[in-house]
Amino acid sequence: RALAVEQILRQHWRQFGRNFYSRYDYEEVDAGRAAAMMSRLSGMAKLFEVAGFGADKPLTLAPGYDLVLMDDFSYCDPVDGSVALGQGKRLLFADGSRVVFRL
């Protein structure tokens, strides 16, 4: 059966909720300033943890944006089992959405 794009989207949203993916790659970024940003995110993650925020006590950043975890993430290769640590900073929200910062 042929469906209009709007019908397909509405069916998808009913089943999975509304979602969005976007990736931004920046070139020629000042390495020192980028490292400072990542360091600041690390500091914010420590404050988040020390303040007792988490899955049981999310930090509401704005209506509908409840932050439940800030961490450094790693990648485990499913083929050879190797692990790459320190792959970036991850912010996870109660609704399953996330923001990832990588250098």
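Mind the numbering: the sequence shown is residues 2 to 104 in the working numbering, read in order.
In this text, a Cβ means the ideal position worked out from N, Cα and C, and glycines have one as well.
Check	Outcome
Val51 beta carbon less than 8 Å from that of Pro59	no
CB contact flag (Met71, Ala37, <8 Å)	no
Helix, strand or coil at Ala32 [DSSP, three-state]	helix
Rounded C-alpha distance that separates Val84 from Phe74	11 Å
Phe94 (DSSP reduced to helix, strand or coil)	strand
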